[in-house]
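Read through the structure below, which is laid out as structure tokens, and then see the notes.
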Amino acid sequence: MLIHEISRKIGITARAIRFYEQKGLLSPAKIKENGYRTYTEQDAWRLQTIISLREVGMTLDDIRQTLNQSDSSSQEEFIYALQLQRSMLFRQWTGMKQMIDTMDRMIHAAKVNQTLPTEQLYELAGHNKAMRDLRDSWRDHWDFDAKASQFDRQLKDENLSPNAAYEAALNLIARLVSPLIGKKGLDVGTATGNLAGKLQQLGASMSAIDQSKQMLKLCESKYPQIELKLGNVLAIPFMDGHFDIVVSSFALHHLTQPQRTLAWDEMLRVLKPGGRICLADYMLSDASEQSTYIAKIIASGANKLPMMHEEVELYPIHTDLIAWMKQHASQVASHRINELIYIVYAQK
DNA sequence: ATTCTCACA
DNA sequence: TGTGAGAA
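If you count the first sequence from 1, position 1 lands on 1 in the UniProt record's numbering, and the numbers rise without skipping.
Right, here's the structure in full:
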């Protein structure tokens, strides 16, 4: 096939096809004497997948990497790339909604003022940017991909005092969100799926998200029935009003306080009217208890605990997370959620 | 008909 | 992320 023939067949310009080649996505054979490109069925297939991935917003760079991987290795990497793109679209989507909201405020400001409300506009734009930065601010400082294979074994380790009551906490959550039959639930930051799996077993139809590919892989092998998505709580990769129940266990302490506020908005967004949120996490009542606790962890040799990363606010949660939850509990009425349950899980 | 390059948005 | 024009 010559270039125009294939361009007609696929439905893109010949120019674009050469452009993709230049970007390293394609390497058609060339006829010796005149240098014309010739395209095989293989090339046509490849071109089709290129424009398919392009259609869902992947950059040419990402497409190149994805394609090169799927050439050599398994299907798995390819699916991961698709999941990654999907979660990125949700980030963009939440960003777009934020922009629209900002625009509405700008329009309102322009209406109430007769003159150009320069200051308000600037302020609104600043807030918009701050929110966008916040949304993109999640970093995995703990390397959960690397921790995945050890995760469940560590939980079972009796020496890790914070995790001794782990099972009990999950059971408490399950009890608090019951009845579960026929309910759609989301577990945020599911890791290897222990909480989601439990709720699923009790009759809920569970979805779960995690930002770690390896954690998801393990979760999938443990609980194949759970719908898993790659993504994080700052842009939950589900549509609005999708769940009866949103739960999270021992995940929120990995967020900073501003991130937590955003996480809360996201959990509300995906929750149906009348839905329930149930969150559990490590929480100590005051600073002295906190430092004692940290000392205890270090003494037990468990200094590899996820929340102990030195570059992050070291254990910022306890008191302010309690306050945060209480504050949002009072917000329930205004969001017309019938019932919000929060667990303050106090480590002895 | 096709290729390449330069410029352009 | 492409496109248009022009020379070969």
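No residue lacks a Cβ here, since even glycine has one placed at the ideal position from N, Cα and C.
Span of the alpha helix (DSSP H) around residue i
{"i": "residue 147", "result": "144-156"}
{"i": "residue 266", "result": "257-270"}
{"i": "residue 93", "result": "75-112"}
{"i": "residue 223", "result": "Looking at the DSSP string, residue 223 is not in any alpha helix (DSSP H), and its letter there is neither H nor E."}
{"i": "residue 131", "result": "118-135"}
{"i": "residue 66", "result": "60-72"}
{"i": "residue 251", "result": "Note, residue 251: premise wrong, no alpha helix (DSSP H); not H, not E."}
{"i": "residue 166", "result": "166-177"}
{"i": "residue 196", "result": "194-201"}
Cα-Cα separation, residue i to residue j
{"i": "residue 186", "j": "residue 62", "result": "29 Å"}
{"i": "residue 11", "j": "residue 40", "result": "16 Å"}
{"i": "residue 259", "j": "residue 126", "result": "17 Å"}
{"i": "residue 6", "j": "residue 180", "result": "54 Å"}
{"i": "residue 13", "j": "residue 2", "result": "13 Å"}
{"i": "residue 88", "j": "residue 32", "result": "43 Å"}
{"i": "residue 171", "j": "residue 238", "result": "26 Å"}
{"i": "residue 158", "j": "residue 166", "result": "Here the model assigns residue 158 a pLDDT of 48, short of 50, so the residue's position is not dependable, and the following value carries that caveat. Whole-angstrom Cα-Cα distance: 11 Å."}
{"i": "residue 74", "j": "residue 50", "result": "18 Å"}
{"i": "residue 222", "j": "residue 212", "result": "15 Å"}
{"i": "residue 275", "j": "residue 197", "result": "20 Å"}
{"i": "residue 193", "j": "residue 201", "result": "12 Å"}
{"i": "residue 16", "j": "residue 36", "result": "16 Å"}
{"i": "residue 234", "j": "residue 112", "result": "33 Å"}
{"i": "residue 339", "j": "residue 52", "result": "For residue 339, the predicted model reports a pLDDT of 40, less than 50, meaning its position is unreliable and no value from the coordinates is stated."}
{"i": "residue 101", "j": "residue 120", "result": "14 Å"}
{"i": "residue 168", "j": "residue 54", "result": "47 Å"}
{"i": "residue 42", "j": "residue 188", "result": "41 Å"}
{"i": "residue 242", "j": "residue 273", "result": "10 Å"}
Member of the options whose CA lies at the smallest distance from the CA of residue i
{"i": "residue 226", "options": "232, 206, 104 and 240", "result": "206"}
{"i": "residue 148", "options": "182, 136 and 190", "result": "190"}
{"i": "residue 228", "options": "234, 235 and 220", "result": "220"}
{"i": "residue 251", "options": "264, 67, 241 and 244", "result": "264"}
{"i": "residue 82", "options": "9, 99 and 57", "result": "57"}
{"i": "residue 261", "options": "67, 131 and 216", "result": "131"}
{"i": "residue 254", "options": "138, 23, 77 and 25", "result": "138"}
{"i": "residue 240", "options": "218, 256 and 271", "result": "271"}
{"i": "residue 214", "options": "143, 176 and 44", "result": "143"}
{"i": "residue 247", "options": "178, 218, 256 and 114", "result": "178"}
{"i": "residue 266", "options": "145, 95, 4 and 249", "result": "95"}
{"i": "residue 268", "options": "98, 236 and 97", "result": "236"}
{"i": "residue 47", "options": "34, 135 and 9", "result": "9"}
{"i": "residue 249", "options": "230, 243 and 279", "result": "279"}
N- and C-terminal bounds of the beta strand (DSSP E) containing residue i
{"i": "residue 240", "result": "Taken as a continuous stretch (DSSP letters only), residue 240 belongs to no beta strand (DSSP E), as it is neither H nor E."}
{"i": "residue 350", "result": "Given a span of 1 to 348 for the chain in the structure shown, any question on residue 350 remains unanswerable."}
{"i": "residue 207", "result": "205-210"}
{"i": "residue 229", "result": "227-230"}
Any non-hydrogen atom of the ligand ATP closer than 7 Å to residue i Cβ
{"i": "residue 11", "result": "With respect to small molecules bound, the structure shown includes none, and the ligand ATP cannot be examined in it."}
*Say whether the region 97-111 touches the region 78-88, bearing in mind that this needs 3 or more beta-carbon pairs closer than 8 Å, one atom from each stretch.*
In the pairwise beta carbon analysis, the region 97-111 is classified as not touching the region 78-88: fewer than three pairs are separated by under 8 Å.
*Give, in chain order, every unbroken run of the alpha helix (DSSP H) that is at least 4 residues long and sits entirely within the UniProt domain "HTH merR-type" (1-69).*
List check, alpha helix (DSSP H) in window: 3-10, 14-22 and 41-55.
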